[in-house]
Amino acid sequence: MKIGITCGGIGPYASGAFIAASARLAEQAGFAHFWMPEHVVQFAQYGQSQYPYAEGSGQQLPEQPDDAPLQWDDDTYAMSDPRNPLIDPVVGMSWAAAATRTIEVGSNILVLPQRNPVFLAKALATLDSFSGGRVILGVGVGWAKEEFDALGIDFAQRGARTNEAIEAMRRLWLDEYSTFEGQYFHFRDACSFPKPVRSGGGIPVLIGGESKAAIRRVARLGDGWLPYNLPVGDAQKAISELHELTCAEGRDPANLRIVKIIYSNAHLDDLRRYRDAGVTEFNLASSGEIPLDEAGMASRFQRFAEELVIAVSDL
């Protein structure tokens, strides 16, 4: 089995130097893919939204005068300090691809309904062409209404916009003259070059989320699934249901890439159980455990190779 890594793009790990060095060392250590996160803007609090992966989100800050300076305690943040750098994932993927030769570069996840698919299809196809076919697009519908409001996009339409965007990009990637007619996006006889260079001509689109709508989206439109909240005891049932829905859509579930996020303290027995349930690959989420200096970074990636990469490859 293959394993990738998410380790850069946020806070002190958001520099070009770290991304280039860590991507290169990840490739040398045997990781198969290198992933970047996304939030286009962040807020100190999310009064209209519920962060789905931690308790305590959606809480309001104490009321303050309109002209009061922004002074927050760390414990009040919904996720983390919103002033921490959080890079654009496509730019980060490009930086990582330029520093490497074989490792795939991907987004986990890019909030697709916030993007214009015509622009995004061109950017990703260009990167795929430059990198020799190494781009993976991991997408989700997003959870923060505040982000959508900042972009002037209707939060309630995010699912339908996501579906259309996936189909529109595939037309631009695959057709010489591309036509798509949807509610939100439409074009006729549009030429978008360069094309992706992967076999089949497209870029793999892997979809995140564990809701019923997300699973249906994977079954109908996805090249794979990026589950986060998937306990090992629930994996067999969830993946079986995904496979059934995929078959019902007239598609072969054997072609789906199912990439489960894990952490460096993962037990090998649990990884075997995920494999037996149908997980095809893993993604190591490393947060704060990689030194910023290159010597320390190299030592940590060597440990990853010895303790995790080899073990996963032997599953």
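Heads up: the sequence shown begins at 152 in the numbering used here, then just goes up one per residue.
Where a beta carbon is used, it is the ideal one built from N, C-alpha and C, also for glycine.
Original post:
Taking C-alpha atoms, which residue in Tyr425, Asp444, Pro203 lies nearest to Ser173?
Top reply: Asp444
Original post:
Do Val348 and Ser280 have their CB atoms nearer than 9 Å?
Top reply: yes
**OP:** Below 7 Å CB to CB, which residues in the same chain sit around His337 once its five sequence neighbours on both sides are set aside?
**Re:** Phe331
Subject >> Trp324 (DSSP reduced to helix, strand or coil) >> reply: helix
Subject >> Ile254 to Ile154 span [Cα, whole Å] >> reply: 11 Å
**OP:** Using a threshold of 9 Å, state whether the C-beta atoms of Leu422 and Trp376 are closer than that.
**Re:** no
Subject >> Reduced DSSP secondary structure (H/G/I, E/B, other) of Met187 >> reply: strand
Original post:
What are the complete alpha helix (DSSP H) segments, minimum 4 residues, inside the region 373-450?
Top reply: 383-399, 419-428
Subject >> Opening and closing residue of the alpha helix (DSSP H) in which Ile461 lies >> reply: 461-464
Subject >> Alpha-carbon to alpha-carbon, Leu396 and Ala276 >> reply: 29 Å
Original post:
Over what stretch of residues does the alpha helix (DSSP H) that includes Leu176 continue unbroken?
Top reply: Its alpha helix (DSSP H) spans residues 167-180.
**OP:** Evaluate Gly401 with the Cβ neighbour count: other Cβ atoms within 10 Å of its Cβ, from every protein chain shown; 16 or more gives buried, anything less gives exposed.
**Re:** exposed
Subject >> Exposure label - Val463; buried when at least 16 CB within 10 Å >> reply: buried
Original post:
Taking Glu189 as the reference, which of Gln179, Met152, Val242, Gly198 has the closest Cα?
Top reply: Val242
**OP:** State the Cα-Cα distance for the pair Ser350 and Gly181, rounded to the nearest angstrom.
**Re:** 23 Å
Subject >> Residue closest to Ser245, alpha-carbon to alpha-carbon, out of Ile358, Asp374, Ser258 >> reply: Ser258
Subject >> Classification of Pro216 by the beta-carbon crowding that lies within 10 angstroms, buried from 16 upward >> reply: Residue placement at Pro216 is flagged as unreliable, the pLDDT there being 44, under the threshold of 50; the coordinate-derived value follows with that caveat. That one is exposed.
**OP:** To the nearest angstrom, report how far apart Gly373 and Gln201 are at their CA atoms.
**Re:** 25 Å
Original post:
Going by Cα to Cα distance, which pick from Ile354, Arg368, Gly353 is closest to Gly360?
Top reply: Arg368
Original post:
Between Ile161 and Ile287, is the Cβ-Cβ spacing less than 9 Å?
Top reply: no
Original post:
Out of Leu381, Ala405, Ile390, Ala428, which has the shortest C-alpha to C-alpha gap to Ile413?
Top reply: Leu381
Original post:
Of the choices Ala436, Lys411, Ser415, whose alpha-carbon is the least far from that of Arg424?
Top reply: Lys411
Subject >> Counted within 10 angstroms of its Cβ, other Cβ atoms place Cys342 as buried (16 or more) or exposed >> reply: exposed
Original post:
What residues match up with Thr330 in a beta bridge as DSSP calls it?
Top reply: Partner(s): none; Thr330 has no beta bridge.
Subject >> Opposing strand residues paired with Val290 [DSSP bridges] >> reply: Leu261, Ile358
Subject >> Own chain, CB closer than 7 Å to Trp324, minus 5 neighbours either side, in chain order >> reply: Ala272, Ala276, Lys346, Pro347, Gly352, Gly353, Ile354
Subject >> Contact check, Leu278 vs Ala248, beta carbons under 9 Å >> reply: yes
**OP:** Tell whether a beta-carbon distance below 9 Å holds between Pro268 and Glu315.
**Re:** yes
Original post:
Across which residues does DSSP place Gly155 in a beta bridge pair?
Top reply: Asn434
**OP:** Decide if Gly447 is buried, meaning its Cβ has at least 16 other Cβ atoms within 10 Å, or exposed.
**Re:** Sixteen is the threshold: since fewer than 16 other Cβ atoms of the shown chains lie within 10 Å of the Cβ of Gly447, the residue is exposed.
Original post:
Taking DSSP as the reference, what is the three-state secondary structure of Arg349?
Top reply: When DSSP states are grouped into helix, strand and coil, Arg349 belongs to the coil group.
**OP:** Compare the Cα-Cα distances from Tyr328 to each of Ile358, Thr313, Asp300, Phe344 and report the closest residue.
**Re:** Phe344
**OP:** Might you give, ordered along the chain, the residues of its own chain that have their beta carbon closer than 8 Å to the beta carbon of Glu501, omitting 5 neighbours on each side?
**Re:** In this structure the chain extends from 152 to 466, so residue 501 is not present and cannot be described.
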